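To keep things clear, I will list the structure first and then write my remarks on it.
Protein chains: 2
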Amino acid sequence: MSSVHLDIRTLSDRLVDVVRDFILSGAIAPDVPIRQDALAAELRVSKIPLREALARLEQDGLVVSYANRGFFVRPMSPEEAEEIYALRIKLEPDAAAFACLKADDDDRERARLALEQFDIDAATQKPTVGALNRAFHLALVRPGGQRVTTNIVARLHILADRYVRKHLEPKGRFLNAEAEHHEMLEAWMKRRDARVRKLITQHLEHTLADLRTALRPAAAGQGSGSSKKRAKR
Amino acid sequence: MSSVHLDIRTLSDRLVDVVRDFILSGAIAPDVPIRQDALAAELRVSKIPLREALARLEQDGLVVSYANRGFFVRPMSPEEAEEIYALRIKLEPDAAAFACLKADDDDRERARLALEQFDIDAATQKPTVGALNRAFHLALVRPGGQRVTTNIVARLHILADRYVRKHLEPKGRFLNAEAEHHEMLEAWMKRRDARVRKLITQHLEHTLADLRTALRPAAAGQGSGSSKKRAKR
DNA sequence: ATAACGTAGTTCGTATACGATCTATTAGAT
DNA sequence: ATCTAATAGATCGTATACGAACTACGTTAT
C-alpha cells in the first residue's frame, strides 16, 4: 500500500555501493587517479552514472577530485582514524541509547538479525563482514528516527571501515568483539539506555585502542604525500 | 610553488553553490519536483553537471531523489531543527575550542575578516548574510585541521541555515547575535579555549531557543505532506 | 648536459541524443 | 457513476560523442 517504492534503484545508486566496496576493500589504492573510462568499461557502464557515484563518494569523504585531474581515493592517516573514533564516541552512544527507547519489536528483530548475520560471516572470514558490521551498528541507531544523526553516523561507519578492515580484520578482531556486540544488543533490546551508552562507549574505545597499537608501528606512509612507496603489493 | 591549484573549479562544483543557494533562499520550494531540463536550461547548462550537483546536495541532506521521479527539496520540520542544533552543540564548541589553540595568525586574521564581512552585510540585510554567517562559524573550526569534523560541522551549518533564514533572519536575529559573535571571536583569538567552548554553547542554545519560539506557533505545514499551503509569499 | 619549449596522446568534463519510466488524460467496462 | 485499462505526453536516466585541459615525451637552444 505504500506509495513509495524504495526497492527501485538507479544505476548510479548501485555504483555507489560497488565503488565504495572497491575502495573499502583496497581494490582501488589511495592516491592513484581513478581512470573513469577504464573503470566504467570494466563495470560495463558509461561514465555518467560512474561520475555521479564518485561525486557522492566525494561528499562522503572517501575520494577527492581535482578539476581536470580526476578522482583520487583519499589517503588514510592515523590522525583521521583518531578523529573518526572521537566523533563516533561523541555521537553514537547517545544516539543508540536514545534509539533503544524508541525501537519497536520490528526494530529489535532487525537488530538481532543483523548481528546474527554478522556473526556468521565473521566466523568464516567473508569479505562482507565489514558491511555487516556497519549494518549492525547502524541498526542500533536508526530506530531513533533522527535522520541527520543516523546519516552522519553511517558516514562515520564507512570512514572507519577502511581502518578496521586493513588493520584489525586480519588479526581476527571481529571475533574478539563478538562478546561485546552481544552485550550491547542485549542491553539495547532490554531498553537499558544508560547501559547501552556505557557499553557502546567502551566498545568504541576498545576498538580505537586496538587500532592505535596497530597503527603506531606501521604508522608511516600515507601521512603527507612525499613518502617512500613500499613495494608491498 | 604549490602543485595544487584549487582555484580552478568545475561546472558541477559551481552549480552546487548555485543550487544550494536556490534551496536555502527558498527559491526552490520543498516537495516540488526539480525539473532537470528546465532548471538546466534556465542556468544555461546541460543536465549532466546539474545532476552531479544534485547528487552532491543529496548527500548533504538538502534534497532527496526517487528513481525515475527525480529530485525534491527535503521538507523542513521542527524535529530536524532540534536535531541539527543538538548535534552542533555536541560538536562545535569542542571543535572550536580545539581549533583556537591550533590557529596561527593567518587563521585569526581570516576569522576576524569573516566576522567583519558578516557584520557589514547583516547591517544592510543583504541576502549573502546566511553564507557569511556560516563562513564565520566555520572559520572558528577549520583551523583545528580536523577534516572530518570540519566537514560535518559545515554540513550542519548548511542544514541549519534554512531554518535561521526562514524564521530568524526576518526578525533581525542576526543583529542580536552580533554581541555574542564578537565575544566568541575575542575569546577565540586569545586562545581561551574553555571560554570559547562556553560561549559557543550558549550562542547555539540561544539561537535554538529563538528558533523554538519561532517554530512553535507556526510549526504546522511541512510536517507530513498533506497540509494546507499558506498563501503567504 | 641541462633546461625550456613545443607537440602528440590521453583523460577529463560537458553537450547532445535516445530509450525507459512515470504521470495524466481518456476510453471502456462493471 | 465509479473504477479499471489503455494511450499520449512528458520527464528521467544513461549511452554516445566531442571539445578542453592535462601529461609525457621529444626537440631545440643555451
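Respectively, the protein sequence lines represent chains A and B.
Residue numbering for the first sequence follows my numbering, starting at 17 and increasing by one per position.
Residue numbering for the second sequence follows my numbering, starting at 17 and increasing by one per position.
For each residue, glycine too, the CB sits at the ideal point set by N, CA and C.
Quick caveat: nothing in here was measured; it's all calculated off a predicted structure.
{"query": "Counting along the chain, where does the beta strand (DSSP E) carrying B/Val89 start and finish?", "result": "86-89"}
{"query": "From which residue to which residue does the beta strand (DSSP E) around B/Ser93 run?", "result": "No beta strand (DSSP E) holds B/Ser93; DSSP gives it neither H nor E."}
{"query": "Counting only the same chain and skipping the five closest in sequence on each side, list residues whose C-beta sits under 8 angstroms from that of B/Leu227.", "result": "Ala97, Tyr101, Tyr179, Val180, His183, Leu184"}
{"query": "Could you compute how far the alpha carbon of B/Arg332 sits from the alpha carbon of A/Gly160?", "result": "Look at the range of chain B in this structure, 17 to 249, and you will see that residue 332 of chain B is not part of it."}
{"query": "Residues in the region 158-178 of chain A with C-beta within 9 angstroms of chain B's C-beta atoms, listed in sequence order?", "result": "Gly161, Gln162, Arg163, Val164, Thr165, Asn167, Ile168, Arg171, Leu172, Leu175"}
{"query": "Determine, for A/Ser28, whether the minimum Cβ-Cβ distance to residues of chain B falls below 8 angstroms.", "result": "yes"}
{"query": "Counting Cβ pairs, one atom from each stretch, are 3 or more of them under 8 angstroms apart for the region 75-82 of chain B and the region 80-93 of chain A?", "result": "no"}
{"query": "How would you label A/Ala45, buried or exposed, when you count the other beta carbons within 10 angstroms and need 16 or more for buried?", "result": "exposed"}
{"query": "Flag this pair as touching only if the region 111-123 of chain B and the region 205-219 of chain B have three or more C-beta atom pairs under 8 angstroms; answer yes or no.", "result": "yes"}
{"query": "I need the DSSP call for A/Ser81, collapsed to helix, strand or coil.", "result": "strand"}
{"query": "Determine the burial state of A/Ser28: buried for a count of at least 16 other Cβ atoms within 10 Å of its Cβ, exposed for fewer.", "result": "buried"}
{"query": "Can you tell me where the alpha helix (DSSP H) with A/Lys206 in it begins and where it stops?", "result": "From DSSP, A/Lys206 is part of no alpha helix (DSSP H); its letter is neither H nor E."}
{"query": "Between B/Asp76 and chain A, is the shortest Cβ-Cβ distance under 8 angstroms, so that the two count as touching?", "result": "yes"}
{"query": "To the nearest whole angstrom, what separates the beta carbons of B/Asp135 and B/Glu199, a pair I think is in contact under 8 angstroms?", "result": "The Cβ separation is near 14 angstroms, so there is no contact."}
{"query": "Looking at the strands, I want to know which residues DSSP matches up with A/Pro49.", "result": "A/Phe88"}
{"query": "Counting contacts by CB-CB distance shorter than 8 angstroms, is A/Glu99 in contact with chain B?", "result": "yes"}
{"query": "Could you work out which residues of chain A lie near B/Arg72, taking near to mean beta carbons separated by less than 8 angstroms?", "result": "Ala71, Arg72, Glu74, Gln75"}
{"query": "For A/Asp177, count neighbouring Cβ atoms within 10 angstroms of its own Cβ and tell me buried if that reaches 16, exposed if not.", "result": "buried"}
{"query": "Applying the 10 Å Cβ sphere with the 16-neighbour rule, what's the burial state of B/Arg60?", "result": "exposed"}
{"query": "By the criterion of Cβ-Cβ separation under 7 angstroms, what are the contact partners of B/Ala193 in chain A?", "result": "The contacting residues do not exist; B/Ala193 stays about 23 angstroms from chain A at best."}
{"query": "Kindly indicate the opening and closing residues of the alpha helix (DSSP H) around A/Thr166.", "result": "163-179"}
{"query": "Go to A/His153, then tell me how far its alpha helix (DSSP H) extends in each direction, as first and last residue.", "result": "145-155"}
{"query": "Straight-line CA distance for B/Arg249 to A/Arg25?", "result": "Residue confidence for B/Arg249 is low, a pLDDT of 23 falling below 50, so the modelled location carries little weight and cannot support an answer."}
{"query": "Would you call the CB atoms of B/Leu231 and B/Pro94 closer than 8 angstroms?", "result": "yes"}
{"query": "Closest by CA to B/Val212, which one among B/Arg72, B/Val157, B/Ala69, B/Leu191?", "result": "B/Val157"}
{"query": "My output table needs one value for A/Ser28: the three-state DSSP class, helix, strand or coil.", "result": "helix"}
{"query": "Do the region 64-77 of chain B and the region 66-78 of chain A make contact, defined as three or more Cβ pairs closer than 8 angstroms?", "result": "yes"}
{"query": "Measure how close the beta-carbons of B/Ala131 and B/Leu191 come, nearest whole angstrom, since I'm counting them as under 8 angstroms.", "result": "Note that residue 131 of chain B corresponds to Leu in the displayed sequence, not to Ala. Going by Cβ atoms, the distance from B/Leu131 to B/Leu191 rounds to 14 angstroms, so no, they are not a contact pair."}
{"query": "By how many angstroms is the C-alpha of B/Leu224 removed from the C-alpha of B/Gly188?", "result": "15 angstroms"}
{"query": "So for A/Gly160, helix, strand or coil by DSSP?", "result": "helix"}
{"query": "Verify whether the separation of the beta carbon atoms of A/Leu55 and A/Leu66 is less than 8 angstroms.", "result": "yes"}
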